[in-house]
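Each residue of the sequence shown is one higher than the last, beginning at 5 in the working numbering. First up is the structure itself, then whatever we jot down about it.
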Amino acid sequence: MEGEEGARHEILARKGEIALPQARDQGRGRGEKEMCGIVGYIGPQKAFPILLEGLKRLEYRGYDSAGVAVIQEGKMAIYRCAGKVKELEKAVWGKNLEGTVGVGHTRWATHGRPSEDNAHPHTDCRGEIVVVHNGIIENYLPLKRELEAQGHRFKSETDTEVIAHLIESRLVEQESLEQAVRKALQEVRGAYAVAVLWLKDEECLVGARCGSPLIVGLGEGEYFLASDIPALLSHTRNVLFLQDEEMAVLTREGVQVTNLAGEQVSPQIQRVLWDPVMAEKGGYKHYMLKEIYEQPRSFRDTIRGRFSLETGQIFFEEMEVIVEAMAKAKKIFLVACGTSWHAALVGKFMIEECARIPVEVDYGSEFRYRHPILDQSSLVIPISQSGETMDTLASLREAKGAGARILSICNVLGSTIARESHGCIFTHAGPEIGVASTKAFTSQLAVLYLLALYLGRQRGLLAEERIKAMLEDLIRTPQLLETLLQQSEGLERLSHRFYTKDHFLYLGRGINYPVALEGALKLKEISYIHAEGYPAGEMKHGPIALIDAEMPVVVLAPQDRTYEKILSNIEEVKSRQGIVIAFGQAGDQELSKRVDHLFLVPPTSPLLTPILFALPLQLFAYHMAVRKGCDVDQPRNLAKSVTVE
5 MEGEEGARHE ILARKGEIAL PQARDQGRGR GEKEMCGIVG YIGPQKAFPI
55 LLEGLKRLEY RGYDSAGVAV IQEGKMAIYR CAGKVKELEK AVWGKNLEGT
105 VGVGHTRWAT HGRPSEDNAH PHTDCRGEIV VVHNGIIENY LPLKRELEAQ
155 GHRFKSETDT EVIAHLIESR LVEQESLEQA VRKALQEVRG AYAVAVLWLK
205 DEECLVGARC GSPLIVGLGE GEYFLASDIP ALLSHTRNVL FLQDEEMAVL
255 TREGVQVTNL AGEQVSPQIQ RVLWDPVMAE KGGYKHYMLK EIYEQPRSFR
305 DTIRGRFSLE TGQIFFEEME VIVEAMAKAK KIFLVACGTS WHAALVGKFM
355 IEECARIPVE VDYGSEFRYR HPILDQSSLV IPISQSGETM DTLASLREAK
405 GAGARILSIC NVLGSTIARE SHGCIFTHAG PEIGVASTKA FTSQLAVLYL
455 LALYLGRQRG LLAEERIKAM LEDLIRTPQL LETLLQQSEG LERLSHRFYT
505 KDHFLYLGRG INYPVALEGA LKLKEISYIH AEGYPAGEMK HGPIALIDAE
555 MPVVVLAPQD RTYEKILSNI EEVKSRQGIV IAFGQAGDQE LSKRVDHLFL
605 VPPTSPLLTP ILFALPLQLF AYHMAVRKGC DVDQPRNLAK SVTVE
């Protein structure tokens with residue numbers, strides 16, 4: 005935006021551009037993704053067609069219900085439905101909505117089942133205030149109880165409706181919608197991106213964010229809100245990325261941005277240079293890279309709302325089913341394929357360490373053919389990103405037929421595995437389009453960690469204070485993942501040295517040997533370089549014969565109880581002229597003396613090291629494949645969901 009056009013928007017701002025390479029600069033603004041979608045509009049045109057188009061452009065994110073609200077002839081016209089945007093379009097067909105200000109939303113259920121009542125937008129008691137919201141309000145229950153005591157009536161099961169009633173209660177004290185929203189959000193704890201309308205002020209649309217992305221689009225005499233760039237590109241390329249605890253007030257004259265304290269801020273106006281196809285990838289060159297960078301957010305979404313730091317309690321969906329299954333379980337079987345099988349191997353370490361209950365890990369393709377010993381005391385946990393993996397589904401049915409209880413871990417609501425299980429824990433990782441799984445893996449590990457803590461508490465093996473400390477470690481993990489993403493260039497440089505190699509060996513010990521298997525799998529899947537993952541102690545039982553001056557050996561070396569052993573394994577490789585690429589922990593002075601190349605990850609508790617080691621291995625595989633010119637998102641011979649045996 006230049007010259008007079010910039011002045012017209014009444015924003016004190018710096019000018020800049022967003023090109024594709026800059027999309028990597030994640031921070032807390034651009035590039036963050038939520039599964040739900042927000043669109044808002046104020047201007048001279050009919051709002052509804054713009055809202056509908058924007059929602060369609062956000063459909064790739066995944067959702068289970070949709071809705072719009074438009075101020076129409078002095079009334080708030082609201083249409084909502086469970087299902088897809090096309091169902092919403094049918095519901096509004098022939099209504100001739102003429103209003104020029106409105107909001108739209110696509111929702112992925114977190115609080116309350118997918119239904120018309122729970123779909124957004126949500127309103128206050130009088131139906132005059134409308135709110136759409138991405139994120140989770142962590143303190144919605146005490147706020148709801150307080151509002152109910154004041155006489156507010158709630159019509160949904162969602163946390164979002166609390167925001168509408170809270171704004172309504174604050175409008176009694178405040179002079180404007182902007183002030184009431186600001187006051188209400190100061191009382192909210194959690195993550196949110198919100199867009200708010202008020203029937204009595206149709207010249208104003210308010211948006212705010214904290215932890216969930218929200219973008220302001222700047223058109224010519226019209227203004228937009230959206231949770232992601234694709235919703236805006238048909239109308240404008242000039243955008244503002246709101247930062248945490250910032251609020252935008254959109255009127256027909258312009259946009260003002262303040263923080264929650266009411267102080268004016270000067271956001272940078274950026275011009276988006278993405279084409280629409282690249283915009284769906286968030287500006288990344290590949291879906292895989294986008295999904296690697298989404299992991300801090302997807303990890304937060306997986307753990308959010310599932311524990312209490314005050315009591316150390318763990319919460320999952322369908323708790324009654326889970327409590328019953330866990331109480332009877334004498335043995336646990338984790339069943340999965342591919343990357344999910346590697347997550348299951350890590351889960352075995354976690355559960356046995358925390359709960360001291362025996363765990364077996366099986367390939368879905370082998371489980372039913374070995375005639376496993378199952379009965380009503382067996383708990384079988386199928387793990388699948390898609391929920392449609394045929395081998396895992398067949399194992400589920402075999403176990404269910406033998407009387408075992410089934411508690412699945414899955415990413416896709418309504419999938420076959422989720423439906424056929426007695427209970428399901430959803431990872432809430434968001435859509436994963438790249439064939440090589442990345443964010444699904446770390447989200448599965450987050451669920452398994454929480455499940456291990458739950459079992460440890462239930463069996464009386466983990467004291468409340470110990471669980472609280474372990475949860476504190478978990479909460480810090482997304483920030484550590486963000487730190488790792490900032491080091492991607494080092495891994496890219498490393499790939500330039502090794503992309504011509506034909507063979508790799510990956511070594512790990514203890515809870516990290518499954519991560520060595522996963523790192524090798526990633527390299528094989530997308531770069532077509534032959535790679536083998538091994539427990540490091542097994543190297544001398546055969547694979548050591550492969551090591552020579554041309555063999556790169558990737559070694560995972562956290563400073564845990566296996567550290568001295570892994571140093572010995574490194575010496576065995578070096579004594580045979582092998583090239584050692586080590587992944588260690590920050591502060592390790594000894595490791596740097598022994599290896600050829602070293603990448604450091606932040607220190608964390610031993611049970612969480614697999615999550616931090618997995619991400620740089622994903623990035624290394626990605627950069628290797630790109631350097632070789634491979635099709636990263638659709639590797640040859642592979643499919644995202646394997647629905648045949």
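Glycine is no exception: its CB is placed at the ideal position from the N, C-alpha and C atoms.
Each residue's CA atom was taken as its position, placing Glu357 and Gln589 some 22 Å apart. In the DSSP assignment, Cys358 falls within the unbroken alpha helix (DSSP H) covering 342-359. The residue among Ile530, Val557, Pro607 with its C-alpha nearest the C-alpha of Asn641 is Ile530. A distance below 8 Å separates the beta carbons of Thr446 and Gln299. Its chain contains Ala184, Lys187, Ala188 as the residues whose beta carbon lies nearer than 6 Å to that of Arg174, once the 5 sequence neighbours on both sides are disregarded; these appear in chain order. Under the 8 Å Cβ criterion, the region 41-59 counts as touching the region 232-251, having at least three qualifying pairs. No residue range can be given for Ser390, since it is assigned to no alpha helix (DSSP H) and is classified by DSSP as neither H nor E. In this structure, Val166 lies near Leu147, with their beta-carbon atoms less than 8 Å apart. By the neighbour-count definition (other C-beta atoms within 10 Å, threshold 16), Asp68 is a buried residue. C-alpha of Ser609 to C-alpha of Asp477: approximately 7 Å in a straight line. The C-beta of Thr315 has fewer than 16 other C-beta atoms within 10 Å across all chains shown, which makes the residue exposed. Exposure of Tyr373 is indicated by the presence of fewer than 16 other C-beta atoms within 10 angstroms of its C-beta.
Judged by their CB atoms, Val384 and Leu400 are nearer to each other than the 8 Å cut-off. For Glu496, the closest of Thr240, Pro620, Glu468, Gly537 by C-alpha to C-alpha distance is Pro620. Spatial neighbours of Tyr517 in its own chain (CB-CB distance under 6 Å, excluding positions within 5 residues in sequence) are listed in chain order as Pro539. Shown here, Thr504 sits in coil according to DSSP, grouped into three states, outside any helix or strand. A straight-line Cα-Cα distance of about 21 Å links Tyr367 and His534.
Residue burial is scored here from C-beta neighbours: Ala359 has at least 16 other C-beta atoms within 10 angstroms and is therefore classed as buried. Taking 8 Å as the cut-off, the Cβ atoms of Gly537 and Gly523 count as close. For Glu536, DSSP records a beta bridge to Leu509. The three-state reading of DSSP puts Lys335 in strand, counting E and B together. In this structure, the alpha-carbon of His156 lies about 25 Å from that of Trp112. Sequence-distant Cβ neighbours of Leu602 in its own chain, meaning closer than 7 Å and more than five residues away, are Ala586, Gly588, Leu595, Ser596. Going by beta carbons, Gly106 and Thr162 fall outside the 8 Å limit. Taking the Cα positions, Pro48 is about 30 Å away from Glu120.
In the displayed model, Val176 falls within coil according to three-state DSSP, outside both helix and strand. Beta-carbon to beta-carbon, Leu550 and Leu509 are separated by about 7 Å, close enough to satisfy the 8 Å threshold. Looking at the DSSP output, Pro607 sits in no beta bridge, so it has no partner there. Between Gly221 and Thr240 the beta-carbon gap is near 5 Å, inside 8 Å, which marks them as a contact. Around the C-beta of Gly71, 16 or more other C-beta atoms lie within 10 Å, and the residue is accordingly described as buried. Here the region 421-428 lies against the region 315-324, with 3 or more beta-carbon pairs under 8 Å apart. When secondary structure is reduced to three states using DSSP, Asp366 falls in the strand class. Beta bridge pairing from DSSP links Ile429 with Ile413.
DSSP, reduced to helix, strand and coil, places Pro639 outside both helices and strands of the structure shown, so it counts as coil.
Contact check for Glu295 and Glu436: beta-carbon distance about 6 Å, within the 8 Å limit, so the pair qualifies.
Counting along the chain, the unbroken beta strand (DSSP E) around Lys79 starts and ends at 79-86.
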